[in-house]
Amino acid sequence: MEHAVSPTASTPQQSLNKRLAQWSWKEIVSGQLWPISAAIALIIACVFALSALAERMEQVIVKQGKDALTADLTFRSSNPIPEALQASAVELGLIQSQQVNYATMAFSDSDMQLVSVKAVESNYPLRGDLTLQGQGTTHSVQPNQLWLEPRIMSMLNVSIGDTVTIGDADFQVSGEIADEPGLNFNPFQQMPTVLIHYSDVERTGAIQLGSRVRYVNFYEGDEQQLSSLKQSIEITPSDRWRDQGSASRTNEIFDRTTQYLSLTVAIVILMAATTLVLTCQHYVNGRRKTIAMLKSIGASKAWITRWLAIQVALLLALGTVGGLIFGFGLEVLLRIPLVDLLPDPLPSYGIAPVAVAIITCVLIGVPALGIPLTILVNTSAVNVLQPAAQQGNKAHWGLVLVPILPLLFVYASNTLVWIVLVAIGVLFVLLAAISVLLSKAIGKAKWGPAMALAISRLNRSSRASGLQFGALALSLMLLSIIWLVRSDLLGDWQRTLPANAPNAFAINIADYEVDQYIGQLDQQGIDRSKAFPIIRGRLAEINGLDAKQVADEKGDTDAVRRELNLTWSDGIPDYNVVRDGAWTMTNGVSVESEVADNLGLKIGDSLRFVINAEPIEATVNSIRIVDWREMKPNFYFIFTPDLMTDISSSYMVSFRVDDSDQDFVKDLSSNHPTVSLLDVRKMGEKIQELLGQIVWSITVLAALGVIAGLLLIFTLLRLSLSQRQLEIRLYRTLGASRKRIANTIWCEYGLMALIAGVVASFGAEIAVGSLMKFGFDLTPTLHVGLWVVLPILTFVILATVVNTLIKQLLLPVKNGSI
12 MEHAVSPTAS
22 TPQQSLNKRL
32 AQWSWKEIVS
42 GQLWPISAAI
52 ALIIACVFAL
62 SALAERMEQV
72 IVKQGKDALT
82 ADLTFRSSNP
92 IPEALQASAV
102 ELGLIQSQQV
112 NYATMAFSDS
122 DMQLVSVKAV
132 ESNYPLRGDL
142 TLQGQGTTHS
152 VQPNQLWLEP
162 RIMSMLNVSI
172 GDTVTIGDAD
182 FQVSGEIADE
192 PGLNFNPFQQ
202 MPTVLIHYSD
212 VERTGAIQLG
222 SRVRYVNFYE
232 GDEQQLSSLK
242 QSIEITPSDR
252 WRDQGSASRT
262 NEIFDRTTQY
272 LSLTVAIVIL
282 MAATTLVLTC
292 QHYVNGRRKT
302 IAMLKSIGAS
312 KAWITRWLAI
322 QVALLLALGT
332 VGGLIFGFGL
342 EVLLRIPLVD
352 LLPDPLPSYG
362 IAPVAVAIIT
372 CVLIGVPALG
382 IPLTILVNTS
392 AVNVLQPAAQ
402 QGNKAHWGLV
412 LVPILPLLFV
422 YASNTLVWIV
432 LVAIGVLFVL
442 LAAISVLLSK
452 AIGKAKWGPA
462 MALAISRLNR
472 SSRASGLQFG
482 ALALSLMLLS
492 IIWLVRSDLL
502 GDWQRTLPAN
512 APNAFAINIA
522 DYEVDQYIGQ
532 LDQQGIDRSK
542 AFPIIRGRLA
552 EINGLDAKQV
562 ADEKGDTDAV
572 RRELNLTWSD
582 GIPDYNVVRD
592 GAWTMTNGVS
602 VESEVADNLG
612 LKIGDSLRFV
622 INAEPIEATV
632 NSIRIVDWRE
642 MKPNFYFIFT
652 PDLMTDISSS
662 YMVSFRVDDS
672 DQDFVKDLSS
682 NHPTVSLLDV
692 RKMGEKIQEL
702 LGQIVWSITV
712 LAALGVIAGL
722 LLIFTLLRLS
732 LSQRQLEIRL
742 YRTLGASRKR
752 IANTIWCEYG
762 LMALIAGVVA
772 SFGAEIAVGS
782 LMKFGFDLTP
792 TLHVGLWVVL
802 PILTFVILAT
812 VVNTLIKQLL
822 LPVKNGSI
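Residue numbers (the numbering used here): 12 to 829.
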């Protein structure tokens with residue numbers, strides 16, 4: 012009769028696994044394995060937090076881009092919207108809204124003013140917010156309503172309920188435009204804005220043959236529908252599609268934020284993975300004798316493999332749980348400065364960030380843990396008597412492909428990340444070589460006993476020192492890259508709207524009143540630009556060839572597709588940089604660099620313009636780099652004065668006003684009613700608010716990268732010092748005092764900090780310069796402060812590590828143990 016087995020009874024295999032698990036747990040608690048678990052937790056936490064934030068940031072980027080556009084897609088034209096396009100939109104099920112923009116005069120009982128009329132439908136805007144304040148607050152325009160900007164109400168001296176004539180139609184003022192969506196700005200196209208309903212355009216009678224009108228259609232729908240709409244018609248040179256991907260300064264900021272996020276994720280993962288590799292390697296080096304001893308008393312390879320597998324499983328479990336908890340808290344922390352930027356309510360990020368974090372950690376852990384542990388398992392029992400370097404099967408190094416292949420797939424099109432990875436590989440070798448050479452050069456000088464011993468140890472093994480220098484310098488370089496890229500990006504973005512940027516533009520200043528107008532500004536102490544004459548004209552020929560034909564062959568540009576605002580001057584504005592050529596006083600024209608590049612223009616080329624139906628010929632005398640973000644008067648073409656002696660024009664001037672100048676601005680407008688004064692302070696506040704939120708997000712991400720870098724550097728120094736115990740015992744045996752050993756350690760690692768900091772600064776300058784130029788398309792700058800701060804920072808980290816370990820390192824000496 013067979014004996015029944017109790018379901019709770021343990022089999023020998025289960026009992027063995029239980030004992031192995033208990034032993035593995037003691038091994039972890041003893042202090043040898045916790046750094047591995049900490050590295051796993053760091054990888055999972057960082058990847059989880061950044062993946063979750065990236066998903067939410069992407070939604071913000073898309074939302075902000077579409078809000079600025081006021082739709083998912085817009086179609087702009089100088090001609091009425093084709094009926095076929097409208098029919099296609101209906102057929103595709105798109106939501107659409109029409110808008111007509113034109114300039115006309117607005118009349119009140121006492122004043123008149125040139126205004127920009129926006130005739131919109133009641134569902135405008137499809138994206139973003141429109142706030143109108145009258146007897147109450149509303150967010151849409153209805154038939155027979157007239158909404159005015161506050162400044163035009165002041166100019167016309169009207170209030171809610173008063174009558175204002177737009178063209179041939181009389182309207183009662185419905186209220187003020189409190190807030191409009193969008194961030195676009197062009198001082199030549201913006202005049203004080205009034206809103207009417209699309210159905211009221213015809214009765215204004217303002218659109219006549221030859222009138223300058225812009226027709227805009229807004230569309231909302233999914234990507235497939237919008238793509239089908241674009242393909243449904245063939246556009247003319249006067250038509251333009253605009254979507255979130257269309258070139259604009261706001262889109263550049265969002266794109267670069269996304270790029271920086273990808274860069275930060277990649278570098279943080281790299282540094283955390285390096286920490287994992289180092290801690291695992293350190294554990295393997297310390298456990299070779301243990302494995303050799305176990306094999307010498309009969310432990311099988313399978314038993315050792317099972318023991319190590321249980322340890323790895325426990326480490327992964329601890330790291331995963333701890334990493335997800337820390338990652339969740341980290342993601343919440345990252346959201347704190349972005350509370351106004353992220354959508355409300357916050358969308359759920361789902362399970363994707365958790366899956367991405369765990370999969371990333373497993374992919375990194377396969378080679379990081381697999382290669383050294385495989386070598387450890389293959390340790391020979393002979394190592395008990397005579398330790399020897401253990402060589403693993405070369406096939407095991409194929410595990411490195413496990414994380415590399417997914418990396419190739421995920422970042423295949425991300426130039427920025429590949430620049431960083433290639434730079435890391437090249438610079439690691441370069442940094443190590445330069446550091447070793449510097450160390451050997453320093454060793455040729457005469458030093459005290461402690462420093463001489465420290466330098467001797469560094470120079471004793473060039474390979475080992477090179478790896479140590481390279482790892483430390485590379486860690487410092489990665490830390491610097493994250494922070495410097497952040498600083499350079501913020502510096503570039505802040506130039507989008509400098510603190511002292513002009514916030515008011517006066518245009519249509521008549522020739523006879525320009526002196527009086529700028530005189531009033533000067534008397535008030537207003538900071539202003541030069542007054543520029545403005546005339547409309549068109550580029551007709553380039554070196555005798557039709558300009559449109561040249562544009563089609565060389566590269567498309569708006570410079571030949573429409574009339575331009577042209578000016579003339581005695582010289583080039585001081586805020587434009589001359590790239591080629593030099594200013595001349597006769598028969599010359601200076602060309603903006605982007606237009607020159609698109610049309611293939613060079614110094615000496617002959618250009619023919621048509622201005623007021625009259626031909627004007629000029630020779631290219633210079634090519635200028637123009638920063639359009641400075642919100643100063645800028646032009647594609649600037650002529651020498653001799654070419655414009657018979658041309659009549661109006662003038663334009665930009666200046667900066669504060670809230671304290673409000674009464675002056677009102678008086679200025681009253682004294683010059685025909686001058687269009689464009690106050691862009693509200694738009695500036697929008698841009699500043701947007702930039703402020705993005706600056707916060709970038710700073711938090713950079714701080715996270717810096718923390719990961721500091722942890723890696725701390726680990727590098729700690730492991731390096733921990734490996735010195737055997738050598739310190741030898742020094743003590745040979746009669747070295749405790750003080751001499753401590754001084755030698757401080758000299759060695761102080762010198763290492765100095766050399767690694769200087770070399771890392773060099774590497775960071777090269778890497779960041781490459782990123783700025785090729786990754787972000789910005790001009791690289793030199794960071795002089797880095798060369799001072801980085802060595803000091805390295806020494807501070809070093810001092811922290813040494814102070815935590817110096818007593819432990821000298822403990823065998825104190826106890827007399829050798």
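Where a beta carbon is used, it is the ideal one built from N, C-alpha and C, also for glycine. None of these values were measured; they are calculated from a predicted model.
- Taken atom to atom, the span from the alpha-carbon of S687 to that of L84 is near 31 Å.
- Contact between S665 and P644 is confirmed by a C-beta separation of about 6 Å, below the 8 Å threshold.
- Counted as a single uninterrupted DSSP element, the stretch harbouring N228 is not any alpha helix (DSSP H) but the beta strand (DSSP E) occupying residues 224 to 231.
- The Cβ atoms of A100 and Y226 lie no closer than 8 Å to each other.
- The continuous alpha helix (DSSP H) containing K677 extends over residues 673 to 682.
- Beta-bridge analysis with DSSP links Q124 to A117.
- Taking C-alpha positions only, T247 is separated from L240 by approximately 15 Å.
- Shown here, Q156 sits in coil according to DSSP, grouped into three states, outside any helix or strand.
- S633 is positioned such that its CB atom lies closer than 8 Å to that of I583.
- Straight-line spacing of the CA atoms in I188 and L157 works out to 10 Å.
- Rounded to whole angstroms, the separation of the alpha carbons of D499 and E776 is 12 Å.
- If you draw a 10 Å sphere on the C-beta of K455, you find fewer than 16 other C-beta atoms in it, and that means exposed.
- Secondary-structure assignment with DSSP links G376 through no beta bridge to anything.
- Distance from the Cα of L789 is smallest, within the candidate group S661, L442, G502, D526, for G502.
- Judged by DSSP secondary structure, Y528 falls outside any beta strand (DSSP E) and instead within the alpha helix (DSSP H) spanning 525 to 535.
- Collapsing the DSSP output to three states places H208 in a strand.
- The residue among S391, S680, N228 with its C-alpha nearest the C-alpha of G309 is S391.
- For G592, the pairing in a beta bridge is given by DSSP as S633.
- The three-state reading of DSSP puts P192 in coil, since its state is none of H, G, I, E or B.
- In the three-state DSSP reduction, P203 falls in the coil class, being neither helix nor strand.
- Annotated three-state conformation of T390 is coil, per DSSP.
- Residue environment for S238: exposed (fewer than 16 other C-beta atoms within 10 angstroms of its C-beta).
- Taking C-beta atoms under 8 Å as the contact rule, K451 and N470 qualify, at a distance of about 6 Å.
- In the three-state scheme derived from DSSP, where H, G and I count as helix and E and B as strand, Y662 is classed as strand.
- In the three-state reduction of the DSSP assignment, E574 falls in the coil class, being assigned neither a helical nor a strand state.
- In the DSSP assignment, G599 falls within the unbroken beta strand (DSSP E) covering 599 to 603.
- Three or more beta-carbon pairs drawn from the region 792 to 807 and the region 759 to 772 are found closer than 8 Å, and the two stretches are therefore classed as touching.
- The distance from the Cβ of A778 to that of F806 is about 22 Å, inconsistent with a contact at the 8 Å cut-off.
- About 12 Å separates the Cβ atoms of V58 and T331, ruling out a contact at the 8 Å cut-off.
- Around the beta carbon of Q107, 16 or more other beta carbons lie within 10 angstroms, which makes this residue buried.
- With contact defined as three or more Cβ pairs closer than 8 Å, the region 586 to 594 and the region 622 to 638 are in contact.
- In the structure shown, N470 falls within a helical segment according to DSSP collapsed to helix, strand and coil.
- For the pair V812 and W429, the Cα-to-Cα distance works out to about 33 Å.
- By the criterion of a C-beta distance shorter than 7 Å, Q531 is surrounded in its chain by L679, once the five residues flanking it on both sides are discounted.
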